[in-house]
Amino acid sequence: MRKPTQRWLVIVAILAMLLVAVTPLVAAEPSDEGETAVVHPVDEEIRFRARDLGVEIERYYRPGEYDAITDVPGVLVGQKTVWEDPPDISHRVRSGVTAILTDVDNMFEEKAPCAIYLSNAFGKLAGYTQVKELGSLETPILLTGTLNVPKVADALMEYMLFEVPACRANSAFSKLSQVARTFPILSA
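One point on numbering: in the UniProt record's numbering, the residue at position 159 of the sequence shown is 159, and numbering is uninterrupted.
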């Protein structure tokens, strides 16, 4: 049986998600003609964090200066988005990749401790078993859309083999990339 505080946190989290989902639909602002116009979520981004709604997280972890993953010492993040709108809509492209890596010169030789937690088993993860068993990270973590996971994993393996001499020379290199998919709406 759950403790009352856990139940309260679950209820607050569900209400927060509902609030985030509904707020952009009901938010309104006056137009030039004096009428009220509905604000589209793309026009004005409305985001809430759990701590904004009173959930006490700081007791365990204090947010960094930018409240981002890059506040963690030794973590670097890069991303590339491809957004193309050719006249033929069947060739439209909405894709991208995010790279998360450590600030060491050679991740393969200076492996970082790593762990994975799955909230469900629906996502696409390449390299999950390796991290689960070895508890270390020897390549960058790449995030992309569902259909691109195999392509991005291949590209990362090729990069590691041809650009990192220690990988090419080491027959023990597992040749597994850490690639995960993101929710399609987030990568659109």
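Cβ coordinates follow ideal geometry from the N, Cα and C atoms, glycine included.
Residue closest to residue 150, alpha-carbon to alpha-carbon, out of 126, 138 and 141: Position 150 of the sequence shown, counted from the start, is the residue given in the question as residue 150. That would be 126, whose Cα lies nearest to the Cα of residue 150.
Closest Cα partner of residue 109 within the set 168, 64 and 49: Here the question's residue 109 lines up with position 109 in the sequence shown. For residue 109, the nearest C-alpha among the options comes from 168.
Within the continuous beta strand (DSSP E) that includes residue 146, where are the two ends? Position 146 of the sequence shown, counting from 1, holds the residue named residue 146. Per DSSP, residue 146 belongs to no beta strand (DSSP E) and is neither H nor E.
For residue 99, which of helix, strand or coil comes out of DSSP? In the sequence shown, the residue the question calls residue 99 occupies position 99. In this structure, residue 99 counts as strand in the three-state DSSP scheme.
Could you work out which residue in 94, 163 and 90 is closest to residue 84 when comparing CA atoms only? Locating residue 84 in the sequence shown gives position 84, counting from the first residue. The option with the nearest alpha carbon to residue 84 is 94.
Starting from residue 118 and walking both ways along the beta strand (DSSP E), at which residues does that stretch end? Numbered from its first residue, the sequence shown carries residue 118 at position 118. Judged by DSSP secondary structure, residue 118 falls outside any beta strand (DSSP E); it is assigned neither H nor E.
I need the straight-line Cα distance from residue 158 to residue 107, nearest angstrom please. Locating residue 158 in the sequence shown gives position 158, where the first residue counts as 1. Locating residue 107 in the sequence shown gives position 107, where the first residue counts as 1. Cα to Cα, the separation comes out at about 15 Å.
On the three-state DSSP scale, how would you describe residue 153? As a first step, residue 153 must be located in the sequence shown, where it is residue number 153. DSSP places residue 153 in helix when its eight states are reduced to three.
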